[in-house]
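Chemist: Take the position in the sequence shown, starting the count at 1, then add 409; the result is the number in this note's numbering.
Backbone N, C-alpha and C fix where the C-beta goes; we use that ideal spot for every residue, glycine too.
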Amino acid sequence: MHSRVHLSELLIAVRNVMFAEEQSDVQEFFLYLLEELAKEVESFAPSVEAVPIEDEDAWSEIGSGGRKVIIHEAIVKQNIVNSLFETQLRKESRSYSKRQLVEQQSFLTLSLPIASSSIESVGDALSLFLSGSYDSKQGAYRIEQSPPCLVIQLMRFIYSRKLQRPVKIQKPVAFEQELDLSDYDLFDTAKYAKYELFGVIAHQGTELMKGHYVSYCRVSEGFDGWVCCNDQWVREISYQEVLHAEPYMLFYRAVK
């Protein structure tokens, strides 16, 4: 008989691994937490193994309308936990020989660059990320599958060659309580398009390995509002205060 999953024991195990050093990145912590939670859940429901294709020799080539298309898959392991967060992207580009390349990628967090001066909001970051050209070096991304819970990471840390270390992009990035992916290039296979915000993680400080994380959570049990979680302190706040946070990770849930 399998034992019940105890979240407190799981968090202690995660803490012992992740906080062996002075500071850990919250995205790494989140992904590690999902991985450990999936291991516990798999003892009740075995996962379906997804086999990624990692080298060019393993790419499969198909013909369509007289054109050759190369398809490459990099899919995360399928299980109950990952299915809640997995976003599948389809990247289309062209090789040097002008063949069309199609790469299917899966992510548990959607990481969006924000370094460009033209990016002032999450919507701007999404638009720029999904606006590539098939003929460009970057290629064009489209959302093929959307998850019940969409987690967006804003890439606030970039490597400075001058300083020889990561530096933080300290600028405001606006975000909204509602997000509609149908405003972007969305495949018909995407199950969810409309989302509402229910969590924000902000990083306070100027360095990657230093600083402080604060989370803002929407609570619908008992009352419909927001709370700020700052270490052991939890207090009720207004949504306007949430909007003034410096977002690092955003958590959206699908709505009908």
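Between the alpha carbons of Gly633 and Tyr604, how many angstroms are there, rounded?
Modeler: For the purposes of this step, residue 633 is taken as the residue at position 224 of the sequence shown. For the purposes of this step, residue 604 is taken as the residue at position 195 of the sequence shown. Going by the sequence as given, residue 633 is Asp instead of Gly. So the two alpha carbons sit approximately 17 Å from each other.
Chemist: Looking only at its chain, what residues have a beta carbon closer than 6 Å to the beta carbon of Lys496, apart from the 5 residues adjacent to it on each side?
Modeler: In the sequence shown, residue 496 corresponds to position 87, counting from 1. Residue 496 is actually Thr in this sequence, not Lys. Excluding sequence neighbours, Thr496 sits near Phe516, Leu519, Pro556.
Chemist: Give the straight-line distance between the Cα atoms of Gln641 and Lys580, rounded to the nearest whole angstrom.
Modeler: Sequence index remark: in the sequence shown, residue 641 carries index 232 (1-based). Sequence index remark: in the sequence shown, residue 580 carries index 171 (1-based). Roughly 28 Å separates the two Cα atoms.
Chemist: Should Gln487 go down as buried or exposed, given a rule of 16 or more other Cβ atoms within 10 Å for buried?
Modeler: As a working mapping, residue 487 is identified with position 78 in the sequence shown. So Gln487 counts as exposed.
Chemist: So what does DSSP say about Glu630, is it helix, strand or coil?
Modeler: In the sequence shown, residue 630 corresponds to position 221, counting from 1. Coil, per DSSP.
Chemist: Whose CA, out of Glu616, Val609, Gly614, Arg627, lies closest to the CA of Arg659?
Modeler: Numbered from its first residue, the sequence shown carries residue 659 at position 250. Residue identity check: residue 659 is Leu in the sequence provided, not Arg. Considering only alpha carbons, the answer is Val609.
Chemist: Which runs of the beta strand (DSSP E) spanning at least 3 residues fall entirely within the segment 563–633, listed in chain order?
Modeler: List check, beta strand (DSSP E) in window: 566–569, 574–577, 587–589, 603–613, 621–628.
Chemist: Between which two residues does the alpha helix (DSSP H) containing Lys448 stretch?
Modeler: In the sequence shown, the residue the question calls residue 448 occupies position 39. Note, Lys448: alpha helix (DSSP H), 435–451.
Chemist: Taking DSSP as the reference, what is the three-state secondary structure of Gln641?
Modeler: Counting from 1 along the sequence shown, the entry for residue 641 is found at position 232. The answer is coil: DSSP assigns Gln641 none of H, G, I, E or B.
Chemist: Considering only their Cβ atoms, is the gap separating Arg574 from Tyr657 smaller than 8 Å?
Modeler: Numbered from 1 along the sequence shown, position 248 holds the residue referred to as residue 657. Numbered from 1 along the sequence shown, position 165 holds the residue referred to as residue 574. For Tyr657 and Arg574, no; Cβs fall outside 8 Å.
Chemist: Got a sec? Which residues, its chain only, sit under 8 Å from Val450 by beta carbon, not counting five neighbours each side?
Modeler: Taking the first residue of the sequence shown as 1, we reach residue 450 at position 41. Val414, Asn488, Ile489, Val490.
Chemist: Which value, in whole angstroms, describes the spacing of the CA atoms of Glu645 and Tyr661?
Modeler: Translated into positions along the sequence shown, residue 645 becomes position 236. Translated into positions along the sequence shown, residue 661 becomes position 252. About 20 Å.
Chemist: Which whole-angstrom value is the C-beta distance of Leu446 and Phe494, which I expect to be below 8 Å?
Modeler: Here residue 446 corresponds to residue number 37 of the sequence shown, with the count starting at 1. Here residue 494 corresponds to residue number 85 of the sequence shown, with the count starting at 1. That belief does not hold up - the Cβ atoms of Leu446 and Phe494 are roughly 11 Å apart, past 8 Å.
Chemist: Going by beta carbon distance, what residues of the same chain come within less than 7 Å of Val636, once the five residues before and after it are set aside?
Modeler: In the sequence shown, the residue the question calls residue 636 occupies position 227. Hits under 7 Å: Cys626, Val628, Val643, Arg644, Glu645, Ile646.
Chemist: Taking Cβ positions, are Leu521 and Ile561 nearer each other than 8 Å?
Modeler: As a working mapping, residue 521 is identified with position 112 in the sequence shown. As a working mapping, residue 561 is identified with position 152 in the sequence shown. Yes, they are a contact pair.
Chemist: Check the C-beta distance from Ala524 over to Ile552 and give it rounded, since I have them as a contact under 8 Å.
Modeler: Taking the sequence shown and counting its residues from 1, the one referred to as residue 524 is at position 115. Taking the sequence shown and counting its residues from 1, the one referred to as residue 552 is at position 143. Contact flag wrong, Cβ pair sits at about 22 Å.
Chemist: Please state if the CB of Tyr550 and the CB of Lys500 are separated by a distance shorter than 8 Å.
Modeler: Numbered from 1 along the sequence shown, position 91 holds the residue referred to as residue 500. Numbered from 1 along the sequence shown, position 141 holds the residue referred to as residue 550. Taking 8 Å as the Cβ cut-off, Lys500 and Tyr550 qualify as a contacting pair.
Chemist: Buried or exposed for Ala583, going by 16 or more other Cβ atoms inside 10 Å?
Modeler: If you number the sequence shown from 1, residue 583 lands on position 174. The residue is exposed, with fewer than 16 neighbouring Cβ atoms inside 10 Å.
Chemist: Tell me which same chain residues have a C-beta within less than 6 Å of the C-beta of Val531, skipping the five on either side of it?
Modeler: The residue labelled residue 531 in the question sits at position 122 within the sequence shown. Within the same chain, Val531 has close Cβ partners Phe584.
Chemist: Within the same chain, show all residues whose beta-carbon is closer than 8 Å to that of Ser527, passing over the 5 residues directly before and after it, in chain order.
Modeler: Taking the first residue of the sequence shown as position 1, residue 527 is located at position 118. Within the same chain, Ser527 has close Cβ partners Asp533, Leu537.
Chemist: Say the cut is 7 Å; is the CB of Thr496 nearer than that to a heavy atom of the ligand GTP?
Modeler: Although the ligand GTP was asked about, the structure shown includes no ligands whatsoever.
Chemist: Alpha carbon to alpha carbon, how far is Asn639 from Val511?
Modeler: Residue numbering aside, residue 639 sits at position 230 when the sequence shown is read from its first letter. Residue numbering aside, residue 511 sits at position 102 when the sequence shown is read from its first letter. Straight-line Cα distance between these residues: approximately 43 Å.
Chemist: Rounding to the nearest angstrom, what Cα-Cα distance links Gly475 and Arg503 in this structure?
Modeler: The count along the sequence shown starts at 1 and reaches residue 475 at position 66. The count along the sequence shown starts at 1 and reaches residue 503 at position 94. With a pLDDT of only 38 at Gly475, under 50, the local geometry of the prediction cannot be trusted, and the value read off the model is given with reservation. Their backbone Cα atoms lie some 16 Å apart in a straight line.
Chemist: Using three-state DSSP, classify Leu493 as helix, strand or coil.
Modeler: Working through the sequence shown from its first residue, we reach residue 493 at position 84. Helix, per DSSP.
Chemist: Measuring straight from C-alpha to C-alpha, what distance separates Phe453 and Ser492?
Modeler: The count along the sequence shown starts at 1 and reaches residue 453 at position 44. The count along the sequence shown starts at 1 and reaches residue 492 at position 83. Near 16 Å, if we compare the C-alpha coordinates of Ser492 and Phe453.
Chemist: What residue range does the beta strand (DSSP E) around Ala549 cover?
Modeler: Walking along the sequence shown from the start, residue 549 turns up at place 140. Taken as a continuous stretch (DSSP letters only), the beta strand (DSSP E) holding Ala549 covers 549–554.
Chemist: Which partner residues does Val560 have in the DSSP bridge list?
Modeler: The residue labelled residue 560 in the question sits at position 151 within the sequence shown. DSSP, once it has assigned bridges, lists Phe660 as partnering Val560.
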